[in-house]
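In the UniProt record's numbering, the protein residues as written are 1 to 1122.
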């Protein structure tokens, strides 16, 4: 009536998953009877099919409601675990358990369980003595209106037996019957039935050859004559068998399954034997079942538990003997479920529920992991690796880094623990978070854990008999614990949660008790702020209310409401209530619920709250040893406390729609998984639920359920969103400032070319002047060598210009231009002498600094968004570095995250370090390239090195808190430049900087495969800058000053002019001689010609006169010659 009252007044709908309730673990060798008053099959004892542990539990299965239940004894002493005994329900509502096998011996006791008082007692048999036994044949029958139990044979402590005992149920008087007639031999695992005043014993007895007797006979005991007889079958009959069950319906005996003696295998057939015509009939072949419990209810034979195909099962099925065709009807399917437990951990991942640890009904410390698939209502056991945590209960458990949860401490078989683990639900891996520092929370149990991003808070708990009040913070980034504040008093089994608002973390604490079980009725709020990387905490009592007097409660957060679901008061009483606290408005609401539990767990999924396990009470009085494995679901009604939509779902009307496969939940929206990832889970809560494509696969689409196989001609690292074609690989490279080199070669080459051009131009000018008479007549105007022309002796000195002087003046001007240009270039570009040396750094008085340090780190095929708008992408840690300013930029180009950091006026001290951490949950990189550029002392020169970092295996990515380390050797450098006051001051007199070199091999950081990638966070690079003890000192001196340059230039010009003057004089001397010789020769030619003409004319005239001819004047170029 009390439960019905709660259902009426409560504002929730509460139901069980599955509807039949939690099935017991698979059991073998258990026994069953039927309680017609409650319509329940009662199953006792047996062995756990997995552990083979002997049990003494009482389970019930209602054949009408199909609901499992358990009867919890209230007696001080209970029977030991028993198998292979038999159980019966008496008329006075008691269950009798006859004999059976204990762990190490055969039981001789008869136990009685009163279903009304729920107490076990030992009954005493009267009459003849019967030894304890197992595997005996039995028949429960009524003879002459008296109910009897017949027991035949079985195994006793003295071996097999063939005695027949008749026990009256009402008086428990036992009679041993005489084996008159053809009595069976000693045997066990036979079946015994009652029909028409006779007992029929079927099965293969000992000392019988199954070949001779392959099942063609059966023993019959007449209760009237007390004589044994043999029935022989001559026709169709089953093979001889053992370990079967037999039942009578109408005029037939039905044989179910068993062990085939001939074939040494378990049978899969069911037979019927007709008592009237002594014939057998096979009724069908089914999946073989053995070591099961069975009971007859009317026309139906129910079979529960046992082995099916050699696998333990907990299903219930029946065969209806009334039907013409015998069929198997399954009323409760086989379901695996976690063992009963309390003080365990529950967590949600997408649409699955995870259960870990706790303490079992027999006090075992559990470390098993179970998954409840909400889509199928099926449980799955997860195999735990050897590095997993020990079995424990009352440990701290809180949400981890989005796809996992953290556990700390707890109580185990070796005492209270202080270990720290993270479980990743994607890879199903435990990760041991090694605590390497002395400052830590220490061993504790009964504490609360909550997580905000990369901070884990550990609150209170107990150690020995002390209730703890300290609150600790664990920073995943630094792997460090910090004690931040203390509560007013110690709290055990409190509940906590963390929120971020107003640029601070708000930590809330509710519920719990002190060491005397006095319940905490107040809500505490701790505000945590960060100032200059230092955390400051402030404790505030928000409110106190008596309705919060719950401990050992289940706890969930739904919207702005923190909900306490049932729990204990003063460690004695249970309270069936749900308390909702709105931490925004500080409003408290309560609703009664239909169950009262403690040590249970709860989580919020959709618009439902799921409750698992815990202990219970008797009329709300706490039973300390109680445990359960029930899964209850709470659904809010339209009135009363409302359950909001959980993460992974989006509210559409009054329904919480889960994000479909290929999508994840973010800010009340379902967003598609980015390229390079996929998701085949519904209700994904975070981006990390989108799993990157494995090596050899890629995905160029958003919101995908799978990835595509990479073709052979392309490369697809983990998380590829596009095909990467094979090109030259990224390799290590470096650049160092070179030793100063003047432009000697360049100047020499240039001047040599100019002289060649000069020669060609001189030839061309000479040719043009020779050919063009106008130029010949005017070229003497540019004669610069007027005073250098030769003079005649004994004649006045006359300054004159010559054509040759003009031509040589042009030659001089061109060559002077070349000399001036070459000298000027030499002065400007080849006027420095540089000297280098390595000296001990300690001898330098100058402070070594660099104008600029630029670090560009590229995370190739990056898994996150590379968005630093909220300053939550990058963590930068600097050690032994001083600088004036720095700039940080981020870029996301072609799926690569590029982090650029520029330091201005930087000073590097010894053992300087720069740690770059990308803190997005999905941070990862297929490989990393670090480009380090630093200003050197050489003017306008920098020292640069590029180092790539690859995982040791291409099928892995760089991810995890352990950074990749790049060791670099930093060599200080200084340059002294000696210049004159008139020199161009483009360089200061002293410059300092650094040179960088690779000193050792890169240390590869933490990596992961596609399967384990979500078990780790961060990707990081650390630059270790080792300052060398030697410094590179450079001195630069100028070779010549400007006045030396001018003097040398003038000397060169006038020298070349003098050279041209000398050459001109030589040339003019040759010309003069040539001209004189030419004039002399010309005169001789004219003389000869004139003489020729003269001779010719006079000789010819004489001849003509003799002939009377006249003399004709000869016309010459100079006129007429007569």
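Every residue, glycine too, gets a C-beta built ideally from N, C-alpha and C.
Since we're looking at a predicted model, the values are computed, not measured.
Coarse secondary structure for residue i, derived from DSSP in three states
i: residue 5; result: Reliability of the predicted coordinates at residue 5 is poor, the pLDDT of 30 falling under 50, and the value obtained from them is presented with this limitation in mind. Three-state DSSP puts residue 5 in a helix.
i: residue 460; result: coil
i: residue 110; result: strand
i: residue 613; result: coil
i: residue 676; result: coil
i: residue 1080; result: helix
i: residue 269; result: strand
i: residue 183; result: coil
i: residue 178; result: coil
i: residue 313; result: coil
i: residue 687; result: helix
i: residue 308; result: strand
i: residue 155; result: strand
i: residue 664; result: strand
i: residue 364; result: coil
i: residue 974; result: strand
With 16 other Cβ atoms within 10 Å as the buried cut-off, status of residue i
i: residue 250; result: exposed
i: residue 148; result: buried
i: residue 587; result: exposed
i: residue 951; result: buried
i: residue 692; result: buried
i: residue 348; result: buried
i: residue 439; result: exposed
i: residue 683; result: buried
i: residue 373; result: exposed
i: residue 1042; result: exposed
i: residue 992; result: buried
i: residue 12; result: buried
Proximity winner among the options, relative to residue i (alpha-carbon distances)
i: residue 315; options: 128, 563, 59 and 202; result: 59
i: residue 647; options: 633, 663 and 632; result: 663
i: residue 815; options: 777, 778 and 752; result: 752
i: residue 963; options: 445, 478 and 229; result: 478
i: residue 308; options: 643, 286 and 239; result: 286
i: residue 1160; options: 650, 742, 831 and 732; result: With the chain running from 1 to 1122 in the structure shown, residue 1160 is simply not present.
i: residue 79; options: 185, 98 and 681; result: 98
i: residue 345; options: 495, 490 and 329; result: 495
i: residue 882; options: 184, 848 and 205; result: 848
i: residue 444; options: 973, 562 and 416; result: 416
i: residue 745; options: 1068, 811, 356 and 830; result: 830
i: residue 178; options: 163, 142, 188 and 191; result: 163
i: residue 171; options: 552, 201, 216 and 110; result: 110
i: residue 1037; options: 854, 993, 326 and 833; result: 833
i: residue 436; options: 419, 976, 619 and 660; result: 419
i: residue 190; options: 181, 943 and 151; result: 151
i: residue 903; options: 85, 944 and 853; result: 853
Continuous alpha helix (DSSP H) stretch holding residue i: start and end
i: residue 746; result: 744-771
Proximity test, residue i beta-carbon vs the ligand FAD heavy atom, cut-off 6 Å
i: residue 59; result: By its list of ligands, the structure shown contains no ligand whatsoever, and the ligand FAD lies outside what it can speak to.
Residue i: first and last residue of the uninterrupted beta strand (DSSP E) it sits in
i: residue 94; result: 94-98
i: residue 246; result: 245-249
i: residue 32; result: 31-35
i: residue 332; result: 328-332
i: residue 14; result: 12-16
i: residue 235; result: Run containing residue 235: none; DSSP gives neither H nor E here.
Tell me the start and end of each unbroken alpha helix (DSSP H) in the region 520-556 that is at least 4 residues and wholly inside, in chain order. none
Taking only runs that begin and end inside the region 625-652, name each unbroken beta strand (DSSP E) of 3 or more residues, in chain order. 631-636 and 649-652
Entirely enclosed alpha helix (DSSP H) segments - the region 804-850, minimum 4 residues: none
In chain order, each alpha helix (DSSP H) run of at least 4 residues that lies wholly inside the region 558-606: none
Would you mind listing the beta strand (DSSP E) stretches within the region 840-928 that are 3+ residues and don't spill past its ends, in chain order? 850-860, 874-882, 885-893 and 896-918
Pick out the complete alpha helix (DSSP H) segments inside the region 43-100, 4 residues or longer, and give them in chain order. none
Length-filtered (3 minimum) beta strand (DSSP E) runs lying within the region 436-503: Runs found: 448-452, 455-459, 470-475, 480-486 and 495-501.
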